[in-house]
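2 protein chains.
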Amino acid sequence: MNRVNSITVYTPQNYLEAYVGSHTLITGGAGFLGANLAHRLVQLGAHVTVVDSMVPTYGGNMFNLEGIRDKVRLNVSDVRDQNSLTWLVQDVDYIFNLAGQISHLDSMQDPFTDLEINCRSQLALLEVCRKVNPKVKVVYAGTRQIYGNPDYLPVDENHLVRPTDVNGINKAAGERYHLLYHTAYGMRTASLRLTNCYGPRQWMHDNRLTSQGWFLRQIMDGQEVQIFGDGKLLRDLNYVDDVTDAFLRVAAIEETNGHFFNLGAEPFSLVEQVELMIELVGKGSYRLVEWPPDKKSISISDYYGNYGKIRRMLGWQPRIHLREGLKRTIQYYDAHKEHYW
Amino acid sequence: MNRVNSITVYTPQNYLEAYVGSHTLITGGAGFLGANLAHRLVQLGAHVTVVDSMVPTYGGNMFNLEGIRDKVRLNVSDVRDQNSLTWLVQDVDYIFNLAGQISHLDSMQDPFTDLEINCRSQLALLEVCRKVNPKVKVVYAGTRQIYGNPDYLPVDENHLVRPTDVNGINKAAGERYHLLYHTAYGMRTASLRLTNCYGPRQWMHDNRLTSQGWFLRQIMDGQEVQIFGDGKLLRDLNYVDDVTDAFLRVAAIEETNGHFFNLGAEPFSLVEQVELMIELVGKGSYRLVEWPPDKKSISISDYYGNYGKIRRMLGWQPRIHLREGLKRTIQYYDAHKEHYW
Chain A
0 MNRVNSITVY
10 TPQNYLEAYV
20 GSHTLITGGA
30 GFLGANLAHR
40 LVQLGAHVTV
50 VDSMVPTYGG
60 NMFNLEGIRD
70 KVRLNVSDVR
80 DQNSLTWLVQ
90 DVDYIFNLAG
100 QISHLDSMQD
110 PFTDLEINCR
120 SQLALLEVCR
130 KVNPKVKVVY
140 AGTRQIYGNP
150 DYLPVDENHL
160 VRPTDVNGIN
170 KAAGERYHLL
180 YHTAYGMRTA
190 SLRLTNCYGP
200 RQWMHDNRLT
210 SQGWFLRQIM
220 DGQEVQIFGD
230 GKLLRDLNYV
240 DDVTDAFLRV
250 AAIEETNGHF
260 FNLGAEPFSL
270 VEQVELMIEL
280 VGKGSYRLVE
290 WPPDKKSISI
300 SDYYGNYGKI
310 RRMLGWQPRI
320 HLREGLKRTI
330 QYYDAHKEHY
340 W
Chain B
0 MNRVNSITVY
10 TPQNYLEAYV
20 GSHTLITGGA
30 GFLGANLAHR
40 LVQLGAHVTV
50 VDSMVPTYGG
60 NMFNLEGIRD
70 KVRLNVSDVR
80 DQNSLTWLVQ
90 DVDYIFNLAG
100 QISHLDSMQD
110 PFTDLEINCR
120 SQLALLEVCR
130 KVNPKVKVVY
140 AGTRQIYGNP
150 DYLPVDENHL
160 VRPTDVNGIN
170 KAAGERYHLL
180 YHTAYGMRTA
190 SLRLTNCYGP
200 RQWMHDNRLT
210 SQGWFLRQIM
220 DGQEVQIFGD
230 GKLLRDLNYV
240 DDVTDAFLRV
250 AAIEETNGHF
260 FNLGAEPFSL
270 VEQVELMIEL
280 VGKGSYRLVE
290 WPPDKKSISI
300 SDYYGNYGKI
310 RRMLGWQPRI
320 HLREGLKRTI
330 QYYDAHKEHY
340 W
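From first to last, the protein sequence lines are chains A and B. Quick note: the first sequence, position 26, residue 25 per numbering that gives the first Met the number 0, numbers continuous. Quick note: the second sequence, position 13, residue 12 per numbering that gives the first Met the number 0, numbers continuous.
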């Protein structure tokens, strides 16, 4: 059974209405993006099931659900567990498929675990949906990482996919399975190719999952940040509320089926980002250091995304500027540091 | 130990000399391309180890090694078996990595087996090589299938990779692992993106692995071939000796490391191919029929490859015209039909 009203057509003007009373499932829902999405969906009046493996190093944090713990159904299980998946995907209208192994370095050290989670589990989720809930909308959290080193900037969706690490290769396959299940079986699938995201509820324990979070933590602790190389590397960063909004648009609007979309924002160099953090926090410093060889070999040169496709089709654009987003982020961790440090 | 003489530089003029006394390993070596390569390598004076899983439906056929059975080392084992791999890849100079699940329809019906063979096993082979024989040259048998429906013709290596089935997605990942092990670890890897291949020693039991082989078998049996659609679909076909020659060039010439290359040939419509077969065999007929839905949903429109890159870098071009190649193929199956039908 699918509760989406097949008569209502959702558009960039009314897409938030799609979630009132809807049944949604978020894989990786105790993680950074998943939890922010859960908070927003609860606010919009959705019934939310959060599934998370709580693998200690993957980003899940129960404090991320603080404030909505009694409003969501929490199911701790691994996306590699097909039986639990089968039960969970029944009768849901929307699946936000965010569970994944996202560390690039880990994927090189243990490529088989990355394969299990980022390929096999994605295939398993899609197969289960095809069998027990073929009308569900599934939005996949893809990544700009799959483009590898850009041939041109800003990178649009016509750029070649040429990943520089095992994680990127497997994430590319994971995305393609989703799109294939649209072309081959008519399923309602789509993917967002996320660029760097930042904001409240991010993993701040170490630098395996994000550079920006790690920079900010060190600066908030008054420490010296080490920036690899000359610090001029360009990156675009999306504040988490903008990312959440993109997921909500893609899931609700039917024209997205079978499509993938870049996100993106105005680019800043690593030094500019760190200097802005230092200014806003009022302490900390930085120093340029040599690239460690294991990181250098899989690192990516300047990147920023062309988000023209999602702007044209879905009316999305980044609304929170880096300065404002960082202010909110600092405020959050100032209040809740003990749950993230 | 790596026996490749680091002083000798092999070029498009002398590449065949690389194999005299070399130690080579062919995965999938009892299959169509693998066995033809084994015959050629034995002829060139190489020490050849053939590894094949002999999974009944995957294309391996012991008769393919007829005539060289006492000149090759045959090891029946599965590329999913990492222990046997570890032993096999030691002390070899060249690995021709041709083992794979190649049925597109099978990959949709059992995507997990396709994933095991075309992703996990490739990763396992590369990891094993990195650990016990990091200097070995590995040439991967990729496929034009990963391009999906072409945006333009002929398709060159800058075309987007956009597979239309699980097999294509996994083959794309398998190829990328190979290229990654070059960029990340400096290993000597390369890939050939094969187009349709035909010739002696091909799987002729059914139409799961090749359309052309199945057409030819039916015509040689005096039967009526069913061509899906209007029969105008364009395909380029490489005769197996040309394909073998491409593998030998890529493996021997150092400049190929980290590269992938299209093969290709002059395109013919399905009707033209079948009419030529009927003319050469002197019997058989054909009829146009509707596409079956399960095949249609993953089918690919007109395709032919631009092989300019391999021609420029390695001097390769197809030398056996379709008419000549089909003649040799018909002659082979006339003599050995009982081992293939």
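No residue lacks a Cβ here, since even glycine has one placed at the ideal position from N, Cα and C.
Among the residues of chain B, those whose CB is under 7 Å from the CB of V160/A are V160, following chain order. For the pair G58/A and N148/B, the Cα-to-Cα distance works out to about 38 Å. Only buried fits T48/B, as 16 or more other CB atoms lie within 10 angstroms of its CB.
Taking CB atoms only, S296/B has a neighbour in chain A less than 7 Å away. Between the segment 176 to 186 of chain A and the segment 15 to 31 of chain A, the count of C-beta pairs closer than 8 Å stays below three; the two stretches do not touch. At least 7 Å separates the CB of A251/B from every CB of chain A. With respect to chain A, the C-beta atom of I168/B has a partner C-beta closer than 7 Å. Note on geometry: alpha-carbon atoms of Q217/A and K295/A lie some 22 Å from one another. When the Cα atoms are used, F111/A and E337/B turn out to be separated by approximately 42 Å. In the three-state scheme derived from DSSP, where H, G and I count as helix and E and B as strand, R310/A is classed as helix. G44/B is positioned such that its CB atom lies no closer than 7 Å to that of C118/B.
Not flagged as an interface residue toward chain B: R286/A, since no C-beta distance is shorter than 7 Å.
V160/B is positioned such that its CB atom lies no closer than 7 Å to that of V137/A. Listed along chain B, the residues sitting closer than 9 Å to F111/A by beta-carbon distance are R119, L122, A123, E126. The beta carbon of V273/A lies closer than 6 Å to those of F214, V224, Y285 in the same chain, with the five residues before and after it left out. Excluding sequence positions up to five before and after N63/B, its CB lies within less than 6 Å of the CB of A29, A34, R200, all in the same chain and listed in chain order. A direct Cα-to-Cα measurement between L325/A and D220/A gives close to 15 Å. Within chain B, the residues placing a beta-carbon under 8 Å from that of V165/A are L122, Y176, L179, ordered along the chain. Counted as a single uninterrupted DSSP element, the alpha helix (DSSP H) harbouring P110/A occupies residues 110 to 114.
Residue environment: N195/A is assigned as buried (16 or more neighbouring CB atoms within 10 Å of its CB, all protein chains considered).
Look at N74/B here: in three-state DSSP terms it is strand.
Secondary structure of N195/A (DSSP, three-state): strand. For Y303/B, no beta strand (DSSP E) run applies, since DSSP gives it neither H nor E. Note on geometry: alpha-carbon atoms of V54/B and L208/B lie some 14 Å from one another. Excluding five sequence positions before and after R310/A, the CB atoms of its chain that fall closer than 7 Å to its own CB belong to Q316, given in chain order. A140/B: member of the beta strand (DSSP E) spanning 136 to 142, first to last residue. Look at the segment 28 to 41 of chain B: it has no residue with a C-beta under 8 Å from a C-beta of chain A. Using a CB distance cut-off of 7 Å, L152/B does not count as an interface residue toward chain A. Taking the C-beta atoms as reference points, P153/A is found nearer than 7 Å to N305/A.
Residue state for A189/B is assigned as strand, using DSSP reduced to three classes. As DSSP reads the structure, V54/A sits in no beta bridge.
According to the DSSP secondary-structure assignment, E223/A is paired through a beta bridge with S284/A. Take I297/B, set aside five residues on each side of it, and the residues of its chain with a beta-carbon closer than 7 Å to its own are H103, M107, T163, D164, in chain order.
Using a Cβ-Cβ cut-off of 7 Å, L114/B counts as an interface residue toward chain A, since at least one Cβ of chain A sits closer than that to its own. In the three-state scheme derived from DSSP, where H, G and I count as helix and E and B as strand, Y9/A is classed as coil.
In the displayed model, H46/A falls within a strand according to three-state DSSP.
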